[in-house]
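Data first, discussion second: the structure below is written as structure tokens.
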Amino acid sequence: MNNYLDDLETITRDQRDAYQNKRLSEMVRLGFERSPKLRSILQDRSLKPTDIQTVHDLVKLPIISREQLVDIEAKEPPYGGLADPNAFIERIFISPGPVYEPHLGSDDPLWARAYKAAGFGKTDIVLNAFSYHMVAAGLTFHGGLNKVGATVVPSGSSATQQQVQLIKDLNITGYTGTPSFLMAIITKASEMGYDFARDFKVKRASFAAEPLQPSLRQRFETEYGIDTFQMYGATEVGDVAYECSAKKGWHLCEEVIVEIVDPATGEPVKPGELGEVVVTRLNHIFFLLRFGTGDLSSIIEEPCPCGRTCLRLSGIAGRVGDAVKVRGMFIAPSQVKRVCEAFPGLVIQLVISRSGHRDNLTAKLDAQAAHFLGNEFQARFEKNFQEICTVKLDRVEFLKPGSLSAETKLLVDERTWK
Ligand SMILES: [Zn+2]
Numbered sequence: 000m001n002n003y004l005d006d007l008e009t010i011t012r013d014q015r016d017a018y019q020n021k022r023l024s025e026m027v028r029l030g031f032e033r034s035p036k037l038r039s040i041l042q043d044r045s046l047k048p049t050d051i052q053t054v055h056d057l058v059k060l061p062i063i064s065r066e067q068l069v070d071i072e073a074k075e076p077p078y079g080g081l082a083d084p085n086a087f088i089e090r091i092f093i094s095p096g097p098v099y100e101p102h103l104g105s106d107d108p109l110w111a112r113a114y115k116a117a118g119f120g121k122t123d124i125v126l127n128a129f130s131y132h133m134v135a136a137g138l139t140f141h142g143g144l145n146k147v148g149a150t151v152v153p154s155g156s157s158a159t160q161q162q163v164q165l166i167k168d169l170n171i172t173g174y175t176g177t178p179s180f181l182m183a184i185i186t187k188a189s190e191m192g193y194d195f196a197r198d199f200k201v202k203r204a205s206f207a208a209e210p211l212q213p214s215l216r217q218r219f220e221t222e223y224g225i226d227t228f229q230m231y232g233a234t235e236v237g238d239v240a241y242e243c244s245a246k247k248g249w250h251l252c253e254e255v256i257v258e259i260v261d262p263a264t265g266e267p268v269k270p271g272e273l274g275e276v277v278v279t280r281l282n283h284i285f286f287l288l289r290f291g292t293g294d295l296s297s298i299i300e301e302p303c304p305c306g307r308t309c310l311r312l313s314g315i316a317g318r319v320g321d322a323v324k325v326r327g328m329f330i331a332p333s334q335v336k337r338v339c340e341a342f343p344g345l346v347i348q349l350v351i352s353r354s355g356h357r358d359n360l361t362a363k364l365d366a367q368a369a370h371f372l373g374n375e376f377q378a379r380f381e382k383n384f385q386e387i388c389t390v391k392l393d394r395v396e397f398l399k400p401g402s403l404s405a406e407t408k409l410l411v412d413e414r415t416w417k
């Protein structure tokens, strides 16, 4: 059983190039008419819409990073002139930054390719533990599961005890969410006296938003009988790639054009070489071309035994810049700087470590002034941090005055993914 969502997944590479080039030139033509921002990007470079006909022409355009997207949208909310102002937009998602993202409508198979490849289908009842609040995650993963015929339980970030209850009462057969949260649910089930493999019916899991450590994958598959799959995307551009049953690389979705580029120059690197993942989602509402994800990966060109003909990503090797993902949420240096703005003179360093299967976030503060000490200050700092960075701090450490300086690295990622 190959689990293809549609015939696009098995067309020849020449056919795919022709299909994607046609959609790309159509998107640029429409975008030039409807998006003031795309028009100005082209005009600033003396380009006409017809100058972007193929994937290889994209290099003529600038890469837009997440930080730049925040700036573009902040100057002209909500979409910075990147969206068609007359398009019907069913939902608007909000991610930290803030970035406002128009939902691209139900004709886009968003995440359905990933779930189909993982074997989800009509007989499945799936626990969706992605957040449904503000961000695109919960609802878009939900939509992808519905498209392959699965029933979805929108459990979001409910407490683990309640998730265990749902798995038991609703005969849940699948899970989607982060790997660390599934492990937390399994641990809770064990505390409640259940044997997860024997007492429940969860047979497969599709993960996103956090790397799946090989050691954890092995535990899920051998100890608990859960077949595991990885999905990869970005909130600004939706799904990008997914694992098939071969589990050797992630197939690129048909709706995206992915370039792997040298982060310093924006020029494509050779297949197999590591570079930044740059994504253009083919659509007719949001004209964000060449979104720089900041993730590092490389392209696998060899054919896959599953029969899909699209190229694969080799996984994510890390981040281009200093920004890091903590428990599936992105923390950018700009956000940390914003936290500090509320406390003039405060110097901080954020350290991300990992114990077991959980990310730990520690803020080290250089307490140069007495008013930066005390419980009242710490509570205010933690609240401010969580509001801006949307991730909760695990620890706050006060360092000796002078330990940190303005030159100190803001974010230190001590995690290893082995
Ligand atoms: Zn495959």
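Sequential numbering from 0 applies to the sequence shown in numbering that gives the first Met the number 0. Virtual Cβ for every residue (Gly too), placed ideally from N, Cα, C.
Item                                                                                                                        : Value
C-alpha gap between residue 122 and residue 86, whole angstroms                                                             : 36 angstroms
Any heavy atom of ligand 1 within less than 6 angstroms of residue CB: hits in chain order                                  : 243, 245, 250, 303, 305, 307
Any alpha helix (DSSP H) of 4 or more consecutive residues that is wholly inside the segment 189 to 234                     : 195 to 198, 213 to 217
Residues sharing a beta bridge with residue 267, DSSP                                                                       : 260
Contact under 7 angstroms by Cβ, residue 196 with residue 223                                                               : yes
Selected residue, minimal CA-CA separation from residue 217, among 161, 235, 242, 178                                       : 178
Beta-carbon proximity of residue 147 to residue 176, cut-off 7 angstroms                                                    : no
Contact the segment 90 to 102 vs the segment 130 to 143: 3+ CB pairs below 8 angstroms                                      : yes
Under the three-state DSSP convention, the category residue 348 falls into                                                  : strand
Status (buried if at least 16 other CB within 10 Å, exposed otherwise) for residue 293                                      : buried
Those residues which DSSP pairs with residue 295 across a bridge                                                            : 275, 317
For residue 311 and residue 200, the rounded distance between their alpha carbons                                           : 31 angstroms
Close Cβ partners of residue 397 (< 7 angstroms) along its chain, the five nearest in sequence each way excluded            : 364, 366, 372
Per-residue DSSP class, three states only, for residue 324                                                                  : strand
Sheet register partners of residue 396 (DSSP bridge)                                                                        : 363
Residue 40: first and last residue of the uninterrupted beta strand (DSSP E) it sits in                                     : Careful: residue 40 lies outside any beta strand (DSSP E), inside the alpha helix (DSSP H) at 35 to 43.
CB of residue 285 within 7 angstroms of CB of residue 82, strictly                                                          : yes
Between the CA atoms of residue 80 and residue 165 - distance to the nearest angstrom                                       : 43 angstroms
Counted within 10 angstroms of its Cβ, other Cβ atoms place residue 344 as buried (16 or more) or exposed                   : exposed
For residue 131, three-class secondary structure by DSSP                                                                    : coil
Residue 384, enclosing beta strand (DSSP E) - first and last residue                                                        : It is not in any beta strand (DSSP E) - residue 384 instead sits in the alpha helix (DSSP H) that spans 374 to 388.
Sequence-distant residues of the same chain with beta carbon closer than 7 angstroms to residue 350, five excluded per side : 361, 363, 411, 413
Residue 108 classed as buried or exposed, judged by whether at least 16 other C-beta atoms fall within 10 angstroms         : buried
Closer than 7 angstroms to chain B by CB, residue 319                                                                       : Within the model displayed, chain B is absent; a lone protein chain is all it includes.
Span of the beta strand (DSSP E), counted from its first residue to its last, around residue 418                            : Here the chain has residues from 0 to 417 only, and residue 418 is not among them.
Buried versus exposed, by CB contacts within 10 Å (16 or more), residue 221                                                 : exposed
Continuous alpha helix (DSSP H) stretch holding residue 144: start and end                                                  : 136 to 146
Unbroken beta strand (DSSP E) run spanning residue 238, endpoints                                                           : 237 to 242
Option in 323, 352, 185 with minimal Cα separation from residue 198                                                         : 185
Length of the line joining the Cα atoms of residue 393 and residue 339                                                      : 18 angstroms
Reduced DSSP category for residue 94 - H, G, I as helix; E, B as strand; rest coil                                          : strand
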